[in-house]
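The numbers in numbering that gives the first Met the number 0 rise by one with no breaks, and the one at position 218 of the sequence shown is 217.
Where a beta carbon is used, it is the ideal one built from N, C-alpha and C, also for glycine.
Right, one structure below, let's go through it.
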Amino acid sequence: MHHKVKLSENVYWIGVNDRRTHLFENQWPLPNGVAYNSYLICDKKNCLVDTVEISRMETYIEKIKEIVGEDGKIDYLIINHMEPDHTGAVKSVVSEWPDVQIVGNAKTFPMLEGFYGINKNLYAVDEGDLLDLGHHKLHFYLTPMVHWPETMMTYESTQKILFSADAFGSFGTLDGGIFDDEINLDFYNEELRRYYSNIVGKYGLQVQKAMDKLASLDIKLIASTHGPIWRSHIPKIIADYQKWSNYETEEGVVIVFGSMYGNTEKMAEVIARTLSEEGIRDIRIFDSSKTHSSYIINAIWKYRGVILGSSAYNGGIFTPMRDLIRELEHIMPKNHLLGIFGSMSWGGGGVRTLEKFAETIKWEIVAPAVEAKHAAREADIDKLVNIGREMALRLKEFRN
Ligand code: FEO
0 MHHKVKLSEN VYWIGVNDRR THLFENQWPL PNGVAYNSYL ICDKKNCLVD TVEISRMETY
60 IEKIKEIVGE DGKIDYLIIN HMEPDHTGAV KSVVSEWPDV QIVGNAKTFP MLEGFYGINK
120 NLYAVDEGDL LDLGHHKLHF YLTPMVHWPE TMMTYESTQK ILFSADAFGS FGTLDGGIFD
180 DEINLDFYNE ELRRYYSNIV GKYGLQVQKA MDKLASLDIK LIASTHGPIW RSHIPKIIAD
240 YQKWSNYETE EGVVIVFGSM YGNTEKMAEV IARTLSEEGI RDIRIFDSSK THSSYIINAI
300 WKYRGVILGS SAYNGGIFTP MRDLIRELEH IMPKNHLLGI FGSMSWGGGG VRTLEKFAET
360 IKWEIVAPAV EAKHAAREAD IDKLVNIGRE MALRLKEFRN
């Protein structure tokens, strides 16, 4: 038996929480779990909006039946997004309700057949199309690459609910509170940005296009596929998305180092202390061998300054730092200032690779790179202090 959670008189949240999975997409840490949100609109025609991940399928089907009854019907299943964290239960829905019409767009159905072999009872919609459930009216907006090419959003115009797929979503389970005003949002703020930067961050331009498209809608609820349902803080989450998709950053510095025996780490400490002496209050140092890139990318999305340091390793860069810069080159965040440092024992490779990274990522370099041989000496320390000072100077130019 499950508690019934209503968004409005006949619209239900039927999502599930996942506190067992360690890695989202088998890649991104889930220390606080994740919620897979799905919704049920009861009307002359009953309609599901997205489903849940396959491991939670049993609970999900139970929740639906508790609302529509054992013999109740599901007429439509809208697939806003095909990623299996939301389509894992589609086969079960089709098995329970074989006549269900599956609503998607031209890019949805090849994926549906590819992932699940489903190619019947397809109901194709396109930009601006209307699906009338009786009382509730559903309008469809194609929002490609937020997060996959087939992604769309569904707007229910009588209750003014935007079913937004991954957009405006968050890591973190829904621990009792489902709506934004039932929850202390301090818990979700970091997880919202981490979700955005890790999962959707590569597609800032497409997020901007989607926001422009939705700008004229009167929205009273945003029902994402992850995290809280927004009803009292809609301007906040929209402002966050505008900021993040525009790559707007704040004053502060993320220092990430790769260090085998601590010599490069000591260099990071010198830079960090200089930044502090120069009045920079938000400084985060990460050891790339210990902290998952998920958290480092999240911090980089927040702060304008990025200082990367690496020892050499077999003529190249230290492996965890190599992995991090490859991810950054893939995501290509913008609006950062860059500093580079590192150490070498004979032929180098760490700093050299970071300088190549700088050419690719095109962030402004604030000071010459510093590469210490074996361990930093007095002359190196002066140059590290210079990186800290120049970074602080540039950051302070953005004040006001
Ligand atoms: Fe939550 Fe892109 O799936």
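How big is the Cα-Cα spacing for Lys361 and Asp381?
-> Taking the straight line joining both Cα atoms gives about 26 Å.
Could you give the C-beta distance for Glu277 and Gly387, rounded to a whole number, given that I count them as a contact under 8 Å?
-> About 7 Å separates the two Cβ atoms, so the contact holds.
Identify every run of the alpha helix (DSSP H) within the stretch 200 to 254, keeping only runs that are complete inside it and at least 4 residues long; order them along the chain.
-> Those alpha helix (DSSP H) runs which fall completely within the stretch 200 to 254 and span 4+ residues are 203 to 213 and 233 to 244.
What did DSSP end up calling Ser310 once you bin it into helix, strand or coil?
-> DSSP, reduced to helix, strand and coil, places Ser310 within a strand of the structure shown.
Best match in Ile160, Asp42, Ala366 and Val92 for proximity to Lys219 [C-alpha to C-alpha] = Of Ile160, Asp42, Ala366 and Val92, the residue nearest in Cα terms is Ile160.
Near ligand 1: Trp300 beta-carbon under 7 Å from a heavy atom | Flag unset: Cβ of Trp300 not near ligand 1.
Candidates Leu76, Asp125 and Phe114: closest to Pro97 by CA position = Looking from the CA of Pro97, the closest CA among Leu76, Asp125 and Phe114 belongs to Leu76.
Give me the Cβ distance between Ile295 and Phe285, rounded to the nearest whole Å; I'm assuming they're in contact under 8 Å.
-> The beta-carbon distance between Ile295 and Phe285, rounded to whole angstroms, is 5 Å. This is short enough to meet the 8 Å contact definition.
Quickly, what does DSSP pair Lys136 with across the bridge? List them, please.
-> DSSP, once it has assigned bridges, lists Asp131 as partnering Lys136.
Endpoints, the beta strand (DSSP E) within which Asp286 is located | Residue range Ile282 to Asp286 is occupied by the beta strand (DSSP E) that includes Asp286.
Cβ pair count under 8 Å reaching 3, the stretch 193 to 209 against the stretch 247 to 267 | No, because fewer than three Cβ pairs between the stretch 193 to 209 and the stretch 247 to 267 fall closer than 8 Å, the two stretches do not touch.
Can you name the start and end residues of the beta strand (DSSP E) that Ala105 belongs to?
-> Per DSSP, Ala105 lies in no beta strand (DSSP E) and is assigned neither H nor E.
Can you give me the Cβ contacts of Val365 inside the same chain, cut-off strictly under 6 Å, excluding the 5 residues immediately before and after it?
-> These residues qualify, in order along the chain: Leu336, Gly338, Glu389, Met390 and Arg393.
Does the distance from the CB of Ile73 to the CB of Leu47 come in under 8 Å?
-> Their beta carbons are under 8 Å apart, which means Ile73 touches Leu47 by this criterion.
Answer with buried or exposed for Gly85, where buried requires no fewer than 16 other C-beta atoms within 10 angstroms of its C-beta.
-> Reading the sequence as shown, one finds His at residue 85 and not Gly. So His85 ends up on the buried side.
Return helix, strand or coil for Phe167, following the three-state DSSP convention.
-> In the structure shown, Phe167 adopts coil according to DSSP, grouped into three states.
If you count every other CB in all the chains shown that lies within 10 Å of the CB of Met266, and 16 or more means buried, which is it?
-> Buried, because 16 or more other Cβ atoms sit within 10 Å of the Cβ of Met266.
At a cut-off of 7 Å, is Thr224 close to ligand 1 when judged by its beta-carbon and the heavy atoms of the ligand?
-> Yes, the beta carbon of Thr224 sits closer than 7 Å to at least one heavy atom of ligand 1.
Report the residue from Gln26, His134, His80 and His291 whose alpha carbon sits nearest the alpha carbon of Tyr35.
-> Across the set Gln26, His134, His80 and His291, the C-alpha of His80 shows the shortest separation from the C-alpha of Tyr35.
Hey, could you find the ends of the alpha helix (DSSP H) Ala378 is sitting in?
-> From DSSP, the alpha helix (DSSP H) with Ala378 extends over Glu377 to Lys395.
Buried versus exposed call for Phe397 [16 or more other C-beta atoms within 10 Å across all chains shown] | Classification for Phe397: exposed.
For Asn31, which residues from the same chain have a beta carbon less than 7 Å from its beta carbon, with the 5 sequence-adjacent residues on both sides left out?
-> So the qualifying residues of the chain are Phe170, Gly171, Thr172 and Glu190.
Under the three-state DSSP convention, the category Gly176 falls into | Here Gly176 sits in coil by DSSP.
Give me the Cα-Cα distance between Glu328 and Asp185, rounded to the nearest whole angstrom.
-> The alpha-carbon atoms of Glu328 and Asp185 are separated by roughly 30 Å.
Quick one: is Leu274 buried, meaning 16 or more other Cβ sit within 10 Å of its Cβ, or exposed?
-> Buried, since its Cβ has 16 or more Cβ neighbours within 10 Å.
Within the present structure, is the beta-carbon of His80 separated from the nearest heavy atom of ligand 1 by less than 7 Å?
-> Within the cutoff, so yes.
Within 10 angstroms of the Cβ of Lys372, are there 16 or more other Cβ atoms? Answer buried if so, exposed if not.
-> It is exposed - the Cβ of Lys372 has fewer than 16 other Cβ atoms within 10 Å.
Classify Thr359 as buried or exposed, calling it buried when 16 or more other Cβ atoms lie within 10 Å of its own Cβ.
-> Counting other Cβ atoms within 10 Å of its Cβ, Thr359 stays below 16 and is therefore classed as exposed.
Could you name the residues of the same chain whose beta carbon sits closer than 8 Å to that of Gly346, not counting the 5 residues immediately before and after it, in chain order?
-> These residues qualify, in order along the chain: Ala311 and Gly314.
When Ser344, His291, Ile306 and Met144 are compared against Asp322, the one with the closest alpha-carbon = Nearest C-alpha to Asp322: His291.
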